[in-house]
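Asker:
Residue numbers (my numbering): 1337 to 1686.
(1) Thinking C-alpha only, which one of 1633, 1677, 1404 is nearest residue 1343?
(2) In three-state DSSP terms, what is residue 1389?
(3) On a Cα-Cα basis, can you pick out the residue from 1677, 1492, 1438, 1663 that is closest to residue 1417?
(4) Counting only the same chain and skipping the five closest in sequence on each side, list residues whose C-beta sits under 6 angstroms from that of residue 1571.
(5) Going by the beta-carbon positions, is the gap between residue 1447 and residue 1456 smaller than 7 angstroms?
(6) What's the call for residue 1396, buried or exposed, on a 16-neighbour Cβ count within 10 Å?
(7) For residue 1551, I'd like the list of residues in its chain whose CB is within less than 8 angstroms of its CB, leaving aside the five on either flank, ordered along the chain.
(8) By how many angstroms is the C-alpha of residue 1361 removed from the C-alpha of residue 1367?
(9) Using the three-state DSSP reduction, which class does residue 1457 fall into: helix, strand or coil?
(10) Is residue 1341 helix, strand or coil when you go by DSSP?
(11) Suppose you measure from the CA of residue 1422 to the CA of residue 1482; what does that come to, to the nearest Å?
(12) Contact defined as beta carbons within less than 8 angstroms: I believe residue 1512 pairs with residue 1497. What is the distance between those atoms, to the nearest angstrom?
(13) Relative to the alpha-carbon of residue 1651, which residue among 1641, 1639, 1668 has its alpha-carbon at the smallest distance?
(14) Give the DSSP-derived three-state secondary structure of residue 1421 in the structure shown.
(15) Quick check on DSSP: helix, strand or coil for residue 1469?
(16) Give the straight-line distance between the Cα atoms of residue 1562 and residue 1614, rounded to the nearest whole angstrom.
(17) When the Cβ atoms of the segment 1485 to 1505 are set against those of the segment 1514 to 1528, are three or more pairs found closer than 8 angstroms?
(18) Please state the DSSP three-state secondary structure of residue 1659.
(19) Can you give me the C-alpha to C-alpha distance between residue 1646 and residue 1663, rounded to a whole angstrom?
(20) Tell me which same chain residues have a C-beta within less than 8 angstroms of the C-beta of residue 1609, skipping the five on either side of it?
(21) Nearest by alpha-carbon distance to residue 1602: which of 1590, 1619, 1586, 1611 is it?
(22) Work out the CA separation of residue 1433 and residue 1427 for me, nearest whole Å.
(23) Just mark residue 1341 as buried or exposed, buried being the case when its beta carbon has 16 or more other beta carbons within 10 Å.
(24) What does a CB cutoff of less than 8 angstroms around residue 1463 pick up in its chain, not counting 5 residues either side in sequence?
(25) Using a Cβ-Cβ cutoff of less than 7 angstroms, which residues in the same chain neighbour residue 1554 once the five nearest sequence positions on both sides are dropped?
(26) Check whether the segment 1672 to 1686 and the segment 1624 to 1636 are in contact - that is, three or more C-beta pairs closer than 8 angstroms.
(27) First and last residue of the beta strand (DSSP E) that includes residue 1672?
(28) Grab me the residues of residue 1547's own chain with a C-beta within less than 7 angstroms of its C-beta, minus the 5 sequence neighbours each way, in chain order.
(29) Could you compute how far the alpha carbon of residue 1538 sits from the alpha carbon of residue 1346?
(30) Would DSSP call residue 1533 helix, strand or coil?
(31) Which residues in the same chain as residue 1468 place their Cβ atom closer than 6 angstroms to its Cβ, once the five residues preceding and following it in sequence are excluded?
(32) Got a sec, what are the start and stop residues for the alpha helix (DSSP H) residue 1433 sits in?
(33) Going by CA-CA distance only, name the one from 1501, 1544, 1495, 1536 that's closest to residue 1442.
(34) From what residue to what residue does the beta strand (DSSP E) around residue 1553 run?
(35) Taking the beta carbon of residue 1493 as the centre, do at least 16 other beta carbons fall within 10 Å, making it buried, or is it exposed?
(36) Suppose you measure from the CA of residue 1507 to the CA of residue 1472; what does that come to, to the nearest Å?
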């Protein structure tokens, strides 16, 4: 008799991602290690590729850790775990140590807890996220990990799409979280096609204890309100299947956004003159979605922080191309100035 359907689903999702990682590890040494240890549970050498799981102790990440511990050794991969202590709740250090014990109990090695200091930039949720990813990046470098698995589910993806829609930042914000992201494709999200209930069920049938973060039900946090009020209201009004539809929207939007980004990258060289300045007439001839991507990239290259550059900024710069009436320079974040001069668009530090 095979595993419970929920367990089978999470293991299959992780197996597919691990196969992708192995495909990318094309050195002869890696291939030999994989061939030698595939299909058995013998101890793996320290030189075998390492895949880490980021684990908070919640159902999603515990389910991910259990699937990784089962699948990785069969493919000749070492499995390790990292938990990040944000220090935002009383006793968080003790909970982090408990997660470490659980991960070790699953057979993961190396396992460690990393304490971080959360700032205030961008709000509490964004600041915690920035601190967490910085810690995970450092841990991956420290351990020489080939990849870090994240437990974001289809439900998380749906919430991310709705948050992007509320910001009104265009198709890229509707594309949600990428299955592969980070420097060199470091971060992998195997569960973007798996719903949150399946992950929780997998933990339950395997008798794996999980921790429910009280922040996830705290109405002070936007994502929490969306999860417990917004999405249920949408399902009540539109019927079941909203989460799946939003996750599908993310996949389709990401494909479109990637294609437009590629088009803009190719078009950028064709709209510059011999000195490298952007020519307004050639920019005007581009489709608006492509032109605005070129403008955004030019502003970032000039020193505008990407996180502070919003759609309204690019719209103002775009009007120097499409609605030219002799208007003055446009001030952008990072002390960057965009202005039209003699048929050229000049974007530089002011």
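Note that beta-carbon positions come from the ideal geometry of N, C-alpha and C, so glycine has one too.
Since we're looking at a predicted model, the values are computed, not measured.
Answerer: Taking the structure as given:
(1) Numbered from its first residue, the chain shown carries residue 1343 at position 7. Taking only the C-alpha atoms, the option nearest residue 1343 is 1404.
(2) By 1-based counting over the chain shown, the position of residue 1389 is 53. Looking at residue 1389 - three-state DSSP - the assignment turns out to be strand.
(3) Walking along the chain shown from the start, residue 1417 turns up at place 81. Of the listed residues, the one whose Cα sits closest to residue 1417 is 1438.
(4) Residue mapping note: residue 1571 aligns to position 235 of the chain shown, counting from 1. Within its own chain, the residues whose Cβ lies closer than 6 angstroms to the Cβ of residue 1571, once the five positions on either side in sequence are excluded, are 1578, listed in chain order.
(5) By 1-based counting over the chain shown, the position of residue 1447 is 111. By 1-based counting over the chain shown, the position of residue 1456 is 120. With a cutoff of 7 angstroms on beta-carbon distance, residue 1447 and residue 1456 are scored as not near each other.
(6) Sequence index remark: in the chain shown, residue 1396 carries index 60 (1-based). The residue in question, residue 1396, is buried, as its Cβ has 16 or more Cβ neighbours within 10 Å.
(7) Your numbering for residue 1551 matches position 215 in the chain shown. Excluding residues up to 5 positions away in sequence, 1424, 1425, 1557, 1560 lie with their Cβ nearer than 8 angstroms to the Cβ of residue 1551 in the same chain.
(8) What you label residue 1367 is simply residue 31 of the chain shown in a count that begins at 1. What you label residue 1361 is simply residue 25 of the chain shown in a count that begins at 1. Only weak support is given to the placement of residue 1367: the predicted model assigns it a pLDDT of 45, under 50, and the question is left unresolved by the model.
(9) Residue mapping note: residue 1457 aligns to position 121 of the chain shown, counting from 1. Of the three classes helix, strand and coil, the one that applies to residue 1457 here is coil, per DSSP.
(10) Along the chain shown, one-based indexing puts residue 1341 at 5. DSSP places residue 1341 in helix when its eight states are reduced to three.
(11) Residue numbering aside, residue 1422 sits at position 86 when the chain shown is read from its first letter. Residue numbering aside, residue 1482 sits at position 146 when the chain shown is read from its first letter. The alpha-carbon atoms of residue 1422 and residue 1482 are separated by roughly 24 angstroms.
(12) Walking along the chain shown from the start, residue 1512 turns up at place 176. Walking along the chain shown from the start, residue 1497 turns up at place 161. Rounded, the Cβ-Cβ distance is 5 angstroms, consistent with contact.
(13) Along the chain shown, read from residue 1 onward, the residue named residue 1651 stands at position 315. Closest by C-alpha distance to residue 1651, out of 1641, 1639, 1668, is 1668.
(14) By one-based count along the chain shown, residue 1421 stands at place 85. Here residue 1421 sits in strand by DSSP.
(15) Here residue 1469 corresponds to residue number 133 of the chain shown, with the count starting at 1. Helix at residue 1469.
(16) Numbered from 1 along the chain shown, position 226 holds the residue referred to as residue 1562. Numbered from 1 along the chain shown, position 278 holds the residue referred to as residue 1614. Rounded to the nearest whole angstrom, the C-alpha separation of residue 1562 and residue 1614 is 42 angstroms.
(17) Below 8 angstroms, enough C-beta pairs join the segment 1485 to 1505 and the segment 1514 to 1528 to call them touching: three or more.
(18) Position 323 of the chain shown holds residue 1659. Residue 1659 sits in coil when the DSSP states are folded into three classes, being neither helix nor strand.
(19) Translated into the one-based positions of the chain shown, residue 1646 becomes position 310. Translated into the one-based positions of the chain shown, residue 1663 becomes position 327. Approximately 20 angstroms between the Cα atoms of the pair.
(20) As a position in the chain shown, residue 1609 is number 273, starting the count at 1. For residue 1609, the CB contacts under 8 angstroms within the same chain, skipping 5 residues up- and downstream, are 1615, 1680 in chain order.
(21) Working through the chain shown from its first residue, we reach residue 1602 at position 266. Of 1590, 1619, 1586, 1611, the residue nearest in Cα terms is 1619.
(22) Working through the chain shown from its first residue, we reach residue 1427 at position 91. Working through the chain shown from its first residue, we reach residue 1433 at position 97. Residue 1427 and residue 1433: Cα-Cα distance of roughly 10 angstroms.
(23) Counting from one through the chain shown, the residue named residue 1341 turns up at place 5. It is exposed - the Cβ of residue 1341 has fewer than 16 other Cβ atoms within 10 Å.
(24) Against the chain shown, residue 1463 aligns to sequence position 127. In chain order, 1454, 1455, 1456, 1457 place their CB closer than 8 angstroms to the CB of residue 1463, counting only its own chain and leaving out the 5 sequence neighbours on each side.
(25) For the purposes of this step, residue 1554 is taken as the residue at position 218 of the chain shown. The beta carbon of residue 1554 lies closer than 7 angstroms to those of 1560 in the same chain, with the five residues before and after it left out.
(26) Verdict: yes, contact present.
(27) The sequence position of residue 1672 within the chain shown is 336, counting from 1. 1672 to 1677 is the span of the beta strand (DSSP E), which, as asked, contains residue 1672.
(28) Sequence index remark: in the chain shown, residue 1547 carries index 211 (1-based). Sequence-distant Cβ neighbours of residue 1547 in its own chain, meaning closer than 7 angstroms and more than five residues away, are 1393, 1394, 1431.
(29) Residue numbering aside, residue 1538 sits at position 202 when the chain shown is read from its first letter. Residue numbering aside, residue 1346 sits at position 10 when the chain shown is read from its first letter. For residue 1538 and residue 1346, the distance between alpha carbons rounds to 8 angstroms.
(30) Here residue 1533 refers to the residue found at position 197 of the chain shown. Residue 1533: helix per DSSP, three-state reduction.
(31) For the purposes of this step, residue 1468 is identified with residue 132 of the chain shown, where counting begins at 1. Answer for residue 1468: 1420, listed in chain order.
(32) Taking the first residue of the chain shown as 1, we reach residue 1433 at position 97. Element bounds for residue 1433: 1428 to 1441.
(33) Here residue 1442 refers to the residue found at position 106 of the chain shown. The shortest Cα separation from residue 1442 among 1501, 1544, 1495, 1536 belongs to 1544.
(34) Your numbering for residue 1553 matches position 217 in the chain shown. It is not in any beta strand (DSSP E) - residue 1553 carries neither H nor E in the DSSP assignment.
(35) Locating residue 1493 in the chain shown gives position 157, counting from the first residue. The residue in question, residue 1493, is buried, as its Cβ has 16 or more Cβ neighbours within 10 Å.
(36) In the chain shown, residue 1507 corresponds to position 171, counting from 1. In the chain shown, residue 1472 corresponds to position 136, counting from 1. Each residue's Cα considered, the two are about 28 angstroms apart.
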